[in-house]
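Engineer:
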Amino acid sequence: MRVLLKANNEPARAQPAPEGGAKGLLDAFAVADSPLVALVLLAGLPVLAAAWALLSPAHVLSRTMTWDLLFNLAGAWNLHFAHIPHVDFHEPVGQLNFLLTAAGFHFVGPSPRATLVGMTIVAAVLFAAACFAAWRRLPLLPAAVFVLFCSLLVLMPANVGEAPNAYSFAMSYNRYCWSTLCVLALILFLPPRNGRNGDVADILIAGGLLLAMFYLKITYFVVGLAALAPALALCPHVRARWIGWTVMGLVVAANAVAPYNHAYLLDLWAVAQGGGVRDKLSLQLMQYFTNSAEPAIYVAGLAVAIWVWWRGYASLRLPVAAAYLIGSGAALLSQNAQTGGIPPAMVVAFLLYDAIRQRFAGERFDGAMVALLILLAFPISYIGTSTLSLVAYHYNAGSEKAVRVVDRTNLKGLAVPVEEDGLLADFAAGNVGYPLLNRSRAVYSQFELSPFEYVETILEAADLLTGRRYPRGGVAVLDQVNPLPFVLGWPPPRGENLWQDPTKPVRPAEQFFAEVDYVLIPKFSTKSPSTKAITRAYMPYLNEHFRRVEESPSWFLLSRGNRIDQ
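Just add 3 to wherever you are in the sequence shown, counting from 1, and you've got the numbering used here.
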């Protein structure tokens, strides 16, 4: 058997000519090299179908954490009015997620559908990056699986680790970053195949992915940048161009600490100081091992990688890469509001796939083919979850049964599950009390709102402010999110935390209310501790500069004296 020497100094076995029949066809897809056009077509058609399933329904359906969807729209609305992130409004999440939704405003106008446009833009960019990376490294079948895995992870309308029908569009930046990290890991830890040029393109793509993660969520950027160290030490294709990789790493690191990013870093530091970093190991372990089967799969994958290296079938880069991807993925998971799912661990399956393929290249060993197909079952399971989520979303979002579809304001087209009864209905019937506000203190109900109830309260607030008595002005909402400027189409006031949380620093009242003419205090909030904390902090200022002018079933409305038409 003839042995070739790769440019990365790792041995590669010559590929046999494909046999005829079904086995030959399987070899051609699973073992042999393939043209880039074939990969784009094989993976691109399902991705187009997925994008159609997401974009084609008449409504944008949100079943949970609807206020997080409105948080995204509120951030994009600030950018739409040329507000400077981390200066005119404050948030530890990077601005790219909001920029994507703001770009959607240019295609579909100010509406919830702009979020879906942003998701589609990310999917298109990562599809192109994943195609190029996988084409250089994998045969057609595993390459197509990898591209589909990364692309559908972005387009899925539910969070990783949650039920496929938990449509929220919340924390979409996590899905973007998981997918981005997977593409980066394949580039760093899997050498390209013989004759596949493009090392410089790999470096440029990796740099772009790192920059994207920095402006999405910095924890992913740190993990991605740190991955350069083991790659430079153990991966021959990275060492062969160590100057280019080092320069790229230094450039993205210098960008991270550049003066124009200091405001972003200060927002991050303020949240870290306020307890935003989850550093309780016991709590993290309990969360990680809630579903014991999932960690067992990761541990088994790492054990197999170590065994393959120990038997001499692969270099040390395989177990080191596996350990890094699983360990860093678990660390990222501990800082996310999700209970399971570490997508970069699936890259280990592709690393093992390549090791087994090379070990038995040129040999007639059917067991190796079975092992290769079994390895693909793990990322395919993720693809199945994403597909199920998209298919079910397409069906449910296209139906008007059991949903409340908003028909006015910039929320037009948003759909939430309808509820016959709920907290607000009980309030209207007099079955529950409501909080009382006076000049000294506020008392709040401990009930939290469902998506249906939340949307009802937001529309109620919009109706309250669009009455003839209230001229257009700046609006503040003392809840986790302030979506009213976007909902009404009014300019957003500067100086607020985009997401109000006890871990966020309380902005000086003079800054927070500088452009605020109306203050809405919810009787029923999405998170009562946040509402209580911020109301108590600002009560002295509110007592001095605002007066209560109106009350609705869900809100107390405060206004500056000169903002009411007499």
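Cβ atoms here follow ideal geometry from the backbone N, Cα and C, with glycine treated the same way. No experiment lies behind these values; they were computed from the predicted model shown.
Determine the direct distance from the alpha carbon of valine 478 to that of tyrosine 521, and round the result to whole angstroms.
Structural biologist: Spanning the two alpha carbons is a distance of roughly 5 Å.
Engineer: Give me the DSSP bridge partner(s) of phenylalanine 92.
Structural biologist: Phenylalanine 92 pairs with Pro88 and Glu499.
Engineer: On the three-state DSSP scale, how would you describe tryptophan 55?
Structural biologist: Note: tryptophan 55 maps to helix in three-state DSSP.
Engineer: Within the continuous alpha helix (DSSP H) that includes phenylalanine 101, where are the two ends?
Structural biologist: Note, phenylalanine 101: alpha helix (DSSP H), 99–111.
Engineer: Do the region 110–130 and the region 148–160 make contact, defined as three or more Cβ pairs closer than 8 Å?
Structural biologist: With the cut-off at 8 Å, the region 110–130 and the region 148–160 touch.
Engineer: What separation, rounded to the nearest whole angstrom, lies between the Cα atoms of leucine 491 and serine 65?
Structural biologist: Leucine 491 and serine 65: Cα-Cα distance of roughly 20 Å.
Engineer: Do the CB positions of leucine 269 and alanine 137 come within less than 8 Å of each other?
Structural biologist: No.
Engineer: How should asparagine 200 be labelled, buried or exposed, when 16 other C-beta atoms within 10 angstroms of its C-beta is the threshold for buried?
Structural biologist: Exposed.
Engineer: Look at the Cβ atom of leucine 189, then the Cβ atom of phenylalanine 353, and state whether they are nearer than 8 Å.
Structural biologist: In contact: leucine 189 and phenylalanine 353 (Cβ atoms closer than 8 Å).
Engineer: Tell me which same chain residues have a C-beta within less than 8 Å of the C-beta of alanine 405, skipping the five on either side of it?
Structural biologist: Counting only Cβ-Cβ distances below 8 Å, and skipping sequence neighbours, we find Pro420 and Val421.
Engineer: Can you tell me which residues form a DSSP beta bridge with leucine 561?
Structural biologist: BP columns for leucine 561 point to Val522 and Arg551.
Engineer: Am I right that proline 194 and cysteine 134 are in contact with their C-beta atoms under 8 Å? What's the rounded C-beta distance?
Structural biologist: That pair is no contact at about 18 Å.
Engineer: Looking at the unbroken alpha helix (DSSP H) that takes in valine 311, where does it start and where does it end?
Structural biologist: First-last of the alpha helix (DSSP H) with valine 311: 296–313.
Engineer: Could you give the DSSP three-state label for leucine 64: helix, strand or coil?
Structural biologist: Strand, per DSSP.
Engineer: Once you ignore the five residues that flank methionine 349 on each side, which residues in its own chain have a CB closer than 8 Å to its CB?
Structural biologist: Taken in chain order, the residues that qualify are Phe152, Cys185, Phe381, Pro382 and Tyr385.
Engineer: Answer with buried or exposed for phenylalanine 110, where buried requires no fewer than 16 other C-beta atoms within 10 angstroms of its C-beta.
Structural biologist: Classification of phenylalanine 110: exposed, given that the 10 Å Cβ count is below 16.
Engineer: Going by C-alpha distance, which of Ala306, Arg550 and Ala132 is nearest leucine 321?
Structural biologist: Comparing Cα-Cα distances from leucine 321 to each of Ala306, Arg550 and Ala132, the minimum goes to Ala306.
Engineer: Report the rounded CA-to-CA distance for glutamate 451 versus proline 543, giving the unit in angstroms.
Structural biologist: Using only the alpha carbons, I get a separation of about 26 Å.
Engineer: Under 8 Å between the Cβ atoms of arginine 116 and valine 63?
Structural biologist: Yes; because the gap between Cβ atoms is below 8 Å, this pair is in contact.
Engineer: Looking at the structure shown, is alanine 243 part of a helix, part of a strand, or coil, going by DSSP?
Structural biologist: Coil.
Engineer: Give the range of the beta strand (DSSP E) segment to which leucine 417 is assigned.
Structural biologist: Looking at the DSSP string, the run of the beta strand (DSSP E) that includes leucine 417 is 417–420.
Engineer: Tell me arginine 411's beta-bridge partners as DSSP assigns them.
Structural biologist: Partner(s): none; arginine 411 has no beta bridge.
Engineer: Check whether the region 217–227 touches the region 245–261, taking contact to mean three or more Cβ pairs, one atom from each stretch, closer than 8 Å.
Structural biologist: A contact exists between the region 217–227 and the region 245–261.
Engineer: Helix, strand or coil for valine 260 per DSSP?
Structural biologist: Here valine 260 sits in coil by DSSP.
Engineer: Identify, in the order they occur along the chain, each residue of the same chain with its Cβ nearer than 7 Å to the Cβ of alanine 173, setting aside the five sequence neighbours on each side.
Structural biologist: For alanine 173, where only same-chain residues beyond five positions count, the Cβ hits under 7 Å are Met68, Asp71, Leu72 and Asn162.
Engineer: Between the alpha carbons of alanine 296 and arginine 362, how many angstroms are there, rounded?
Structural biologist: If I take the Cα positions, the gap works out to 29 Å.
Engineer: If I'm right that histidine 83 touches alanine 105 with Cβ under 8 Å, what's the distance once you round it to whole angstroms?
Structural biologist: Confirmed, Cβ separation roughly 5 Å.
Engineer: Give the DSSP-derived three-state secondary structure of valine 406 in the structure shown.
Structural biologist: Strand, per DSSP.
Engineer: Using only CA atoms, which one of Pro474, Pro495 and Leu191 lies nearest to valine 484?
Structural biologist: The option with the nearest alpha carbon to valine 484 is Pro495.
Engineer: Among all the DSSP beta bridges, which residues are the ones paired with valine 225?
Structural biologist: DSSP lists no partner for valine 225.
Engineer: So for valine 478, helix, strand or coil by DSSP?
Structural biologist: Looking at valine 478 - three-state DSSP - the assignment turns out to be strand.
Engineer: Could you name the residues of the same chain whose beta carbon sits closer than 7 Å to that of threonine 222, not counting the 5 residues immediately before and after it, in chain order?
Structural biologist: Result list for threonine 222: Leu335 and Gln338, in chain order.
Engineer: Less than 8 Å between the CB atoms is what I'm expecting for proline 505 and serine 533, so what's the real figure, rounded?
Structural biologist: The Cβ separation is near 6 Å, so the contact holds.
Engineer: So what's valine 484 in DSSP terms, helix, strand or just coil?
Structural biologist: If DSSP states are grouped into helix, strand and coil, valine 484 belongs with the strands.
Engineer: My output table needs one value for phenylalanine 516: the three-state DSSP class, helix, strand or coil.
Structural biologist: Coil.
Engineer: Does glycine 343 have its Cβ less than 8 Å from a Cβ in chain D?
Structural biologist: As a matter of chain content, chain D is missing from the structure shown, which is built from one protein chain.
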